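Engineer: Supplied in structure tokens, the structure appears directly below.
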Amino acid sequence: MDFDVTAAWHVASPYAFLSRLRREQPVFRSEHLGAYVLTRYADVRAAYGDPRRFSSRGSLTISRSLTEETRAKLGEHGSFLSSFVANVDPPDHTRLRRSVSRAFTPRAVAALEREFRRLNEELLDRVEPRGEADFVTDLGHEPSVRLTAGFIGVPAADEAFVQARVKDWFQLFLSPQPPERQLELAGSFLTYLDYVDRLVARRRDEPREDFVTLMTRSGLAHREVVELISTILLGGNDTVPNQLGNSVHRLLREGLWPVPDELLAGAVEECMRIDGASLGSFRYAAADVELHGVTIPRGALVLLSSDSAGHDESVFPDPERFVPDRPNADAHLVFGYGIHFCVGAALGRLQLRTALEVLGRRLPYLRLTGGAPSYRRSLVGRGLTSLPVAWTRT
Ligand code: HEM
Numbered sequence: 001m002d003f004d005v006t007a008a009w010h011v012a013s014p015y016a017f018l019s020r021l022r023r024e025q026p027v028f029r030s031e032h033l034g035a036y037v038l039t040r041y042a043d044v045r046a047a048y049g050d051p052r053r054f055s056s057r058g059s060l061t062i063s064r065s066l067t068e069e070t071r072a073k074l075g076e077h078g079s080f081l082s083s084f085v086a087n088v089d090p091p092d093h094t095r096l097r098r099s100v101s102r103a104f105t106p107r108a109v110a111a112l113e114r115e116f117r118r119l120n121e122e123l124l125d126r127v128e129p130r131g132e133a134d135f136v137t138d139l140g141h142e143p144s145v146r147l148t149a150g151f152i153g154v155p156a157a158d159e160a161f162v163q164a165r166v167k168d169w170f171q172l173f174l175s176p177q178p179p180e181r182q183l184e185l186a187g188s189f190l191t192y193l194d195y196v197d198r199l200v201a202r203r204r205d206e207p208r209e210d211f212v213t214l215m216t217r218s219g220l221a222h223r224e225v226v227e228l229i230s231t232i233l234l235g236g237n238d239t240v241p242n243q244l245g246n247s248v249h250r251l252l253r254e255g256l257w258p259v260p261d262e263l264l265a266g267a268v269e270e271c272m273r274i275d276g277a278s279l280g281s282f283r284y285a286a287a288d289v290e291l292h293g294v295t296i297p298r299g300a301l302v303l304l305s306s307d308s309a310g311h312d313e314s315v316f317p318d319p320e321r322f323v324p325d326r327p328n329a330d331a332h333l334v335f336g337y338g339i340h341f342c343v344g345a346a347l348g349r350l351q352l353r354t355a356l357e358v359l360g361r362r363l364p365y366l367r368l369t370g371g372a373p374s375y376r377r378s379l380v381g382r383g384l385t386s387l388p389v390a391w392t393r394t
């Protein structure tokens, strides 16, 4: 048995497999991923916390599965993420992270709550009368996409364009694709890059009160700003809605709907622990690393499985059980750990709590109506492609 993102069982629920790995092969060499996989909580956390031995440099450049032709089309952009903050080590990381963090102060994040609430209410005003919807396409994405676009400084008229391009990009780099589809997605990605490039140039000339403008004044190089903006749009447009969909699915299956106020913060953490939207992060071994009798050779690719860590029975007793008030649920590693800890974690948590609170109040009779949900096939993220729901009183 191996990691296989093309297999439905693996995408939906790899937990029996991960549990066996934690017990029997805590350093697992995956042929399919071409990587070593760490599955125990203590090892995953230690590796996140040790950037000298587990380097982030180039770790997000998952263009390994791209064909020659696609690589040629992408040209220098094949290694596009080479100066993105999550893809570099100190000292570059320290410098980039300092600039980015300036935009994510607790005050700035808290100020977004009202706007996010408004976006959710407004969407529900439109959708609620229908009585049913696909949560993923009709309810889960729009408020986060619009909040992120507004915060970054993408004009409202371009939001749909950006959303579609970001999706294509995610597919190209993070999910295996047939050769013709790769070329198509590469074309879309280049269009997106060009768009962000022009947006950054425009804000340099005509500053506004937004993240793009702030970054153009931060002393970063043009390319660094373009990469940062492109990837932050990805963070906001994709991970939060995926986590929200996974969470709603879980809460409805567990019968915890609407979530009582006093359980909300804990339930969000438990949903992340048990159904995390991020499955883990890649690193390169910067030296030979000895672990549990295995030598991970210098230069090898390593997957730190936060998904498995969140299900590690030595840290989270009875890990397959959903416990909304689990005392240590927030010790999950779904936002990573250490110097690369997710810069948008507070914003992500705020969105999840706010969305669940508004949805619970407006749609108290929400229920699942479809059969088995379908998942996207991705190496690093878990998200539903569809989740049919209804909310009329039965
Ligand atoms: C539930 C939602 C989210 C999840 C699960 C998530 C997950 C992660 C993870 C696992 C990392 C660490 C990557 C690594 O160590 O290699 C990370 C880093 C990062 N995230 Fe998030 N994220 C979320 C939301 C966001 C949002 C809303 C933003 C921004 C608007 C964001 C921006 C970033 C950035 C810029 C980094 C890089 C930080 C660094 O390298 O220092 N994320 N995220």
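Residue numbering for the sequence shown follows the working numbering, beginning at 1 and increasing consecutively. Built from N, CA and C at the ideal position, the CB exists for glycine as well. Please read all numbers here as calculations on a predicted model, not as lab measurements.
With a threshold of 8 Å on Cβ separation, who are the neighbours of residue 229 within its own chain once the five nearest residues in sequence on each side are excluded?
Structural biologist: In the sequence shown, residue 229 corresponds to position 229, counting from 1. Same-chain partners within the cutoff: 152, 196, 199, 200, 211, 212, 215.
Engineer: Any idea what DSSP makes of residue 397, helix, strand or coil?
Structural biologist: Any answer about residue 397 is impossible in this case: the structure gives the chain only from 1 up to 394.
Engineer: Alpha carbon to alpha carbon, how far is residue 387 from residue 249? Give it in angstroms, no decimals.
Structural biologist: Residue mapping note: residue 249 aligns to position 249 of the sequence shown, counting from 1. Residue mapping note: residue 387 aligns to position 387 of the sequence shown, counting from 1. When rounded, the distance between both Cα atoms is 8 Å.
Engineer: Is residue 175 helix, strand or coil when you go by DSSP?
Structural biologist: Here residue 175 corresponds to residue number 175 of the sequence shown, with the count starting at 1. Residue 175 falls in the coil class under three-state DSSP.
Engineer: Kindly indicate which three-state DSSP category residue 385 falls into: helix, strand or coil?
Structural biologist: Translated into positions along the sequence shown, residue 385 becomes position 385. Correct three-state label for residue 385: strand.
Engineer: Considering only the alpha carbon of each residue, which of 150, 70, 29, 13 lies closest to residue 296?
Structural biologist: By one-based count along the sequence shown, residue 296 stands at place 296. Closest by alpha carbon: 29.
Engineer: Can you check the stretch 9-45 for any alpha helix (DSSP H) of at least 4 residues that lies completely inside it and give the ranges in chain order?
Structural biologist: Runs of the alpha helix (DSSP H) inside the stretch 9-45: 15-24.
Engineer: Could you tell me if the beta carbon of residue 344 falls within a distance shorter than 8 Å of some heavy atom in the ligand PLP?
Structural biologist: Summarising the ligand content, the structure contains the ligand HEM and does not contain the ligand PLP.
Engineer: Tell me where the beta strand (DSSP E) around residue 99 begins and ends.
Structural biologist: Position 99 of the sequence shown, counting from 1, holds the residue named residue 99. From DSSP, residue 99 is part of no beta strand (DSSP E) but of the alpha helix (DSSP H) over 92-101.
Engineer: Opposite residue 303 in the DSSP bridges: which residues?
Structural biologist: As a first step, residue 303 is located in the sequence shown; it is residue number 303 there, counting from the start. DSSP, once it has assigned bridges, lists 37, 282 as partnering residue 303.
Engineer: If you measure from the CB of residue 70, is any heavy atom of the ligand HEM nearer than 8 Å?
Structural biologist: Within the sequence shown, the letter at position 70 stands for residue 70. Because no heavy atom of the ligand HEM lies under 8 Å away, the Cβ of residue 70 does not count as near it: no.
Engineer: What are the complete alpha helix (DSSP H) segments, minimum 4 residues, inside the stretch 206-240?
Structural biologist: Listed in chain order, they are 211-216, 222-234.
Engineer: Could you please give the first and the last residue of the uninterrupted alpha helix (DSSP H) stretch that includes residue 134?
Structural biologist: As a working note, residue 134 is residue 134 in the sequence shown. Element bounds for residue 134: not the alpha helix (DSSP H) but the beta strand (DSSP E), 132-134.
Engineer: Going by alpha carbons, who is nearest to residue 132 out of 171, 185, 363, 332?
Structural biologist: Within the sequence shown, the letter at position 132 stands for residue 132. Among 171, 185, 363, 332, the Cα nearest to that of residue 132 belongs to 363.
Engineer: Could you tell me whether any non-hydrogen atom of the ligand HEM is closer than 8 Å to the CB of residue 263?
Structural biologist: Counting from 1 along the sequence shown, the entry for residue 263 is found at position 263. No, Cβ of residue 263 sits at least 8 Å from all heavy atoms of the ligand HEM.
Engineer: Using only the alpha-carbon positions, how far apart do residue 126 and residue 222 sit?
Structural biologist: Taking the sequence shown and counting its residues from 1, one reaches residue 126 at position 126. Taking the sequence shown and counting its residues from 1, one reaches residue 222 at position 222. Those two C-alpha atoms are separated by around 40 Å.
Engineer: Please tell me whether, using a cut-off of 8 Å, the distance from the CB of residue 16 to the nearest non-hydrogen atom of the ligand HEM is below it.
Structural biologist: Taking the first residue of the sequence shown as 1, we reach residue 16 at position 16. Answer for residue 16: no, Cβ out of range of the ligand HEM.
Engineer: With distances taken Cα to Cα, identify the nearest neighbour of residue 139 among 171, 190, 359, 7.
Structural biologist: To locate residue 139, count along the sequence shown from 1; it is residue 139. Here the closest residue by C-alpha is 359.
Engineer: Three or more C-beta pairs closer than 8 Å, one from the stretch 329-338 and one from the stretch 296-306: is that the case here?
Structural biologist: Cβ pair count under 8 Å is three or more, so yes.
Engineer: In whole angstroms, what is the alpha-carbon distance linking residue 53 and residue 298?
Structural biologist: Along the sequence shown, one-based indexing puts residue 53 at 53. Along the sequence shown, one-based indexing puts residue 298 at 298. Approximately 9 Å, taken between the alpha carbons.
Engineer: Please state the DSSP three-state secondary structure of residue 149.
Structural biologist: Against the sequence shown, residue 149 aligns to sequence position 149. Helix, per DSSP.
Engineer: Helix, strand or coil for residue 290? Go by DSSP, reduced to three states.
Structural biologist: In the sequence shown, counting from the first residue as 1, residue 290 sits at position 290. Three-state result, residue 290: strand.
Engineer: Hey, out of 70, 162, 300, whose CA is closest to residue 288's CA?
Structural biologist: Counting from 1 along the sequence shown, the entry for residue 288 is found at position 288. That would be 300, whose Cα lies nearest to the Cα of residue 288.
Engineer: Distance, Cα to Cα, residue 119 vs residue 26?
Structural biologist: The count along the sequence shown starts at 1 and reaches residue 119 at position 119. The count along the sequence shown starts at 1 and reaches residue 26 at position 26. So the alpha carbons of these two residues sit roughly 44 Å apart.
Engineer: Going by C-alpha distance, which of 378, 146, 394, 390 is nearest residue 173?
Structural biologist: The residue labelled residue 173 in the question sits at position 173 within the sequence shown. Ranking 378, 146, 394, 390 by Cα distance to residue 173 puts 378 first.
Engineer: Measuring straight from C-alpha to C-alpha, what distance separates residue 285 and residue 48?
Structural biologist: For the purposes of this step, residue 285 is identified with residue 285 of the sequence shown, where counting begins at 1. For the purposes of this step, residue 48 is identified with residue 48 of the sequence shown, where counting begins at 1. In a straight line, the C-alpha of residue 285 is about 12 Å away from that of residue 48.
Engineer: Could you please give the first and the last residue of the uninterrupted alpha helix (DSSP H) stretch that includes residue 338?
Structural biologist: If you number the sequence shown from 1, residue 338 lands on position 338. Per DSSP, residue 338 belongs to no alpha helix (DSSP H) and is neither H nor E.
Engineer: Take residue 164 and list the residues in its own chain whose beta-carbon comes closer than 7 Å to its own, dropping the five residues that flank it on each side.
Structural biologist: The residue given as residue 164 occupies position 164 in the sequence shown. Nothing listed; no residue qualifies.
Engineer: Among 356, 365, 275, 372, which one has its Cα closest to the Cα of residue 394?
Structural biologist: Translated into positions along the sequence shown, residue 394 becomes position 394. Closest option to residue 394, Cα to Cα, is 365.
Engineer: Look at residue 41 and residue 309 and say whether their C-beta atoms are less than 9 Å apart.
Structural biologist: For the purposes of this step, residue 41 is taken as the residue at position 41 of the sequence shown. For the purposes of this step, residue 309 is taken as the residue at position 309 of the sequence shown. Contact flag set, yes.
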